[in-house]
Amino acid sequence: MKTIASVILVLFLISLAAPCANASSGPSASGSYKFVLDDDLSKSVEFSASSDERGTTIGQMTFRDEAGVAEQDVDGVGGETEDPKTEFYMTASLDSLKIENNRAVMGGTVTDSSNRSYIGRWVQLVVEDNGDGREVADKLSWCFCRPEEGGWVPSDAEVKDDEGAWYRWWATDAEQKDDAGVQSKNIIPGNKKSCDTLPLSAYEFAEVKNGEGVIQVQP
Numbered sequence: 001m002k003t004i005a006s007v008i009l010v011l012f013l014i015s016l017a018a019p020c021a022n023a024s025s026g027p028s029a030s031g032s033y034k035f036v037l038d039d040d041l042s043k044s045v046e047f048s049a050s051s052d053e054r055g056t057t058i059g060q061m062t063f064r065d066e067a068g069v070a071e072q073d074v075d076g077v078g079g080e081t082e083d084p085k086t087e088f089y090m091t092a093s094l095d096s097l098k099i100e101n102n103r104a105v106m107g108g109t110v111t112d113s114s115n116r117s118y119i120g121r122w123v124q125l126v127v128e129d130n131g132d133g134r135e136v137a138d139k140l141s142w143c144f145c146r147p148e149e150g151g152w153v154p155s156d157a158e159v160k161d162d163e164g165a166w167y168r169w170w171a172t173d174a175e176q177k178d179d180a181g182v183q184s185k186n187i188i189p190g191n192k193k194s195c196d197t198l199p200l201s202a203y204e205f206a207e208v209k210n211g212e213g214v215i216q217v218q219p
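What the sequence shown shows, in the working numbering, is residues 1 to 219, in sequence order.
What follows is the structure, encoded as structure tokens:
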């Protein structure tokens with residue numbers, strides 16, 4: 001009787017825990033994709049990002065490119081210091097995620113790279129999940145951005161305490177109720193925290209000659 005009672009208790013506790021687990025799940029994007037562009041050299045990306053109910057995003061991205069990139073002189077003298085044909089790789093910690101339908105844009109900071117000049121840069125990855133990819137292939141695009149340095153804040157010398165540079169607004173189409181709009185550009189030097197994020201419908205994807213893998217976007 002004690003054994004039966006223990007089993008019933010365990011099943012009861014599981015039934016209580018399951019709804020909580022489902023309720024805590026939030027939007028996520030993940031995938032592993034290998035592809036070739038016009039240079040006929042293999043590239044690959046692996047990523048996983050998820051946001052909780054508070055909007056906090058955690059994740060990681062790894063990118064590899066057989067084409068490589070040239071190492072820039074970190075002392076500012078100029079010139080290239082390494083053979084650009086060496087395979088390029090980088091890993092990044094992701095801290096932002098935005099999803100619209102089957103598209104997702106993720107952002108973060110490069111934490112390790114075969115090219116030292118990329119460490120500390122911001123990276124942005126945009127993906128499109130098209131199901132099993134039989135009719136329409138999954139798509140992706142990426143970019144790197146340098147953190148912005150601080151500097152002079154634009155102001156009107158004739159207006160005391162001018163705060164015009166700090167104003168923010170959204171430009172929207174008044175005739176379309178579901179128009180997401182476009183946010184005003186931040187012009188305060190050193191105030192940016194990531195690459196500029198556009199409406200997901202505005203991104204152009206890489207022209208992939210052939211690719212294989214799985215990309216999943218979960219709103």
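Built from N, CA and C at the ideal position, the CB exists for glycine as well.
Please report the distance separating the alpha-carbon of residue i from that of residue j.
i	j	result
Val-217	Ser-42	24 angstroms
Ser-113	Glu-53	32 angstroms
Ser-48	Lys-177	32 angstroms
Ala-92	Val-123	7 angstroms
Leu-200	Glu-135	21 angstroms
Ser-30	Glu-46	8 angstroms
Arg-64	Ala-202	25 angstroms
Pro-147	Asp-132	37 angstroms
Asp-40	Thr-86	15 angstroms
Asp-138	Asn-101	14 angstroms
Thr-197	Ala-171	15 angstroms
Ser-28	Lys-193	21 angstroms
Met-90	Asp-173	39 angstroms
Pro-219	Asp-38	32 angstroms
Ile-119	Gln-60	14 angstroms
Glu-175	Ser-117	46 angstroms
Can you name the residues that DSSP bridges to residue i?
i	result
Asp-112	Thr-91
Ala-174	Its beta-bridge partners do not exist; DSSP assigns none.
Pro-125	First, the residue type needs correcting, since residue 125 is Leu and not Pro in the sequence shown. Leu-125 is bridged to Met-106 and Trp-142.
Ala-206	None, per the DSSP bridge assignment.
Ala-137	According to DSSP, Ala-137 bridges with nothing at all.
Val-69	Val-69 is not bridged to any residue.
Lys-43	Phe-35 and Asp-65
Glu-100	Arg-103
Taking Cβ positions, are residue i and residue j nearer each other than 8 angstroms?
i	j	result
Cys-143	Arg-121	no
Val-208	Ser-32	no
Glu-128	Arg-103	yes
Thr-57	Asp-95	yes
Val-69	Asn-115	yes
Lys-34	Gly-211	yes
Val-105	Val-126	yes
Phe-88	Leu-140	no
Gly-26	Ser-51	yes
Gly-55	Cys-195	no
For a cutoff of 8 angstroms on Cβ pairs, would you count residue i as touching chain B?
i	result
Lys-177	Of the protein chains in the structure, only one exists, and it is not chain B.
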